[in-house]
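Colleague:
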Ligand code: MN
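Residue numbers (the numbering used here): 728 to 1029.
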């Protein structure tokens, strides 16, 4: 492993209604890892102090939302009519394609704690206007390796394959250790990877990392060494370099200024995205793009 190529990218916490969120992707120094184009790490938080988690109906285009539930529960509703509770150890995959709307809320009474990873996967140009769809994955392959419990969220590694589909080659894996543990994970040299500490701390590629720093491995690694001195939880993301420059704006992933302007207009006019039924609250308004502002995709820094 050429550890000289590993970069350590700091992130800043944001407060969202009393809950600490880390916006891991996109960041200035790393916009995409494979097709993973957005990653918010929410919690862990005691919900008692902050009230329930509620995000009103809002639209998406051009991406799949990927929810990995670690603690607590969230109720998902969407404009296809889906009503689905997600619980720890489960994944929700919602492919927006040409357009979908959804809401997310704590069931009542809310569970005591909430901890989740909310990710977006950019859809490649050939399929980014597919029909919207939603899939819930109640269980995923679990691999025990050198003291780590590895849950394979998407992709294939260590001889197993996740049932969660993807339009581009991807990897997502949660690694949980409850005592000191040490392993070497095989990697694909043609994938780029990043590792995030969800809880605790870890030694990754020889550096001690806590929550808040993204370990950006990039391409060309055959393996990575992981060591924890106490209980810790890590998330490894990987994928083939995406090869397109997506334009992220609000909840939309597109390619051009014009299509983002049009999606904004359509959502705010109540067109295109359908209705989310059953959510007790207002839909979110898409921020208007000010005249004179020209949206453009930001390429991944070299
Ligand atoms: Mn959403």
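Glycine included, C-beta positions come from ideal geometry on N, C-alpha and C.
Bear in mind the structure is a predicted one, so any value in this text is a computation, not a measurement.
Closer than 6 Å from C-beta to any heavy atom of the ligand MN: which residues, in chain order?
Modeller: 785, 787, 792, 829, 978
Colleague: Can you tell me whether DSSP reads residue 993 as helix, strand or coil?
Modeller: The residue labelled residue 993 in the question sits at position 266 within the chain shown. Of the three classes helix, strand and coil, the one that applies to residue 993 here is helix, per DSSP.
Colleague: Could you give the DSSP three-state label for residue 871: helix, strand or coil?
Modeller: The count along the chain shown starts at 1 and reaches residue 871 at position 144. Strand.
Colleague: Near residue 855, which residues of its chain fall below 6 Å by C-beta distance, leaving aside the five closest residues on each side in sequence?
Modeller: For this step, residue 855 is matched to residue 128 along the chain shown. So the qualifying residues of the chain are 789.
Colleague: Residues bridged to residue 797 by DSSP?
Modeller: As a working mapping, residue 797 is identified with position 70 in the chain shown. DSSP, once it has assigned bridges, lists no residue as partnering residue 797.
Colleague: Can you tell me where the beta strand (DSSP E) with residue 864 in it begins and where it stops?
Modeller: Taking the chain shown and counting its residues from 1, the one referred to as residue 864 is at position 137. Element bounds for residue 864: 860–864.
Colleague: Relative to the C-alpha of residue 763, which candidate in 872, 751, 770, 824 has its C-alpha closest?
Modeller: Counting from 1 along the chain shown, the entry for residue 763 is found at position 36. Of the candidates 872, 751, 770, 824, the one whose C-alpha sits nearest the C-alpha of residue 763 is 751.
Colleague: Around the C-beta of residue 920, are 16 or more other C-beta atoms found within 10 angstroms, so that it is buried, or is it exposed?
Modeller: As a position in the chain shown, residue 920 is number 193, starting the count at 1. Burial call: buried.
Colleague: Quick check on residue 729: buried or exposed, where buried means 16 or more other Cβ atoms within 10 Å of its Cβ?
Modeller: For the purposes of this step, residue 729 is identified with residue 2 of the chain shown, where counting begins at 1. Interpretation of residue 729 is limited by its pLDDT of 45, a score under 50 that renders its predicted location unreliable; no figure is taken from the coordinates.
Colleague: Could you give the residue range of the beta strand (DSSP E) that holds residue 899?
Modeller: Residue mapping note: residue 899 aligns to position 172 of the chain shown, counting from 1. Unbroken beta strand (DSSP E) run through residue 899: 897–904.
Colleague: How should residue 913 be labelled, buried or exposed, when 16 other C-beta atoms within 10 angstroms of its C-beta is the threshold for buried?
Modeller: One-based indexing of the chain shown puts residue 913 at position 186. The residue is exposed, with fewer than 16 neighbouring Cβ atoms inside 10 Å.
Colleague: Let me make sure I understand the geometry here. Which of 875, 916, 898 has the alpha-carbon closest to that of residue 906?
Modeller: Taking the chain shown and counting its residues from 1, the one referred to as residue 906 is at position 179. Considering only alpha carbons, the answer is 875.
Colleague: Look up residue 766 in the DSSP assignment and give the residues it is bridged to.
Modeller: Reading the chain shown from its first residue, position 39 is the one you call residue 766. DSSP, once it has assigned bridges, lists 752, 846 as partnering residue 766.
Colleague: CA-CA distance, residue 741 and residue 923?
Modeller: Taking the first residue of the chain shown as 1, we reach residue 741 at position 14. Taking the first residue of the chain shown as 1, we reach residue 923 at position 196. Residue 741 and residue 923: Cα-Cα distance of roughly 17 Å.
Colleague: Indicate whether residue 847 and residue 791 have their beta-carbon atoms separated by less than 8 Å.
Modeller: Against the chain shown, residue 847 aligns to sequence position 120. Against the chain shown, residue 791 aligns to sequence position 64. Cβ atoms of residue 847 and residue 791: closer than 8 Å.
Colleague: How many Å lie between residue 974 and residue 735 at the Cα?
Modeller: The sequence position of residue 974 within the chain shown is 247, counting from 1. The sequence position of residue 735 within the chain shown is 8, counting from 1. Cα to Cα, residue 974 sits roughly 24 Å from residue 735.
Colleague: Tell me the rounded alpha-carbon separation between residue 1009 and residue 991.
Modeller: By 1-based counting over the chain shown, the position of residue 1009 is 282. By 1-based counting over the chain shown, the position of residue 991 is 264. Residue 1009 and residue 991: Cα-Cα distance of roughly 17 Å.
Colleague: Measure the C-alpha to C-alpha separation of residue 1026 and residue 949 and round it to an integer number of angstroms.
Modeller: Here residue 1026 is taken as the residue at index 299 of the chain shown, counted from 1. Here residue 949 is taken as the residue at index 222 of the chain shown, counted from 1. Residue 1026 and residue 949: Cα-Cα distance of roughly 25 Å.
Colleague: Is it right to say residue 1020 is buried, meaning 16 or more other beta carbons lie within 10 angstroms of its own, or is it exposed?
Modeller: Position 293 of the chain shown, counted from the first residue, corresponds to residue 1020. It counts as exposed.
Colleague: My understanding is that residue 784 touches residue 830, with C-beta atoms under 8 Å, so please give their C-beta distance in whole angstroms.
Modeller: What you label residue 784 is simply residue 57 of the chain shown in a count that begins at 1. What you label residue 830 is simply residue 103 of the chain shown in a count that begins at 1. That belief holds up - the Cβ atoms of residue 784 and residue 830 are roughly 5 Å apart, short of 8 Å.
Colleague: When the distance is taken between beta carbons, is residue 895 closer than 8 Å to residue 969?
Modeller: Against the chain shown, residue 969 aligns to sequence position 242. Against the chain shown, residue 895 aligns to sequence position 168. Yes.
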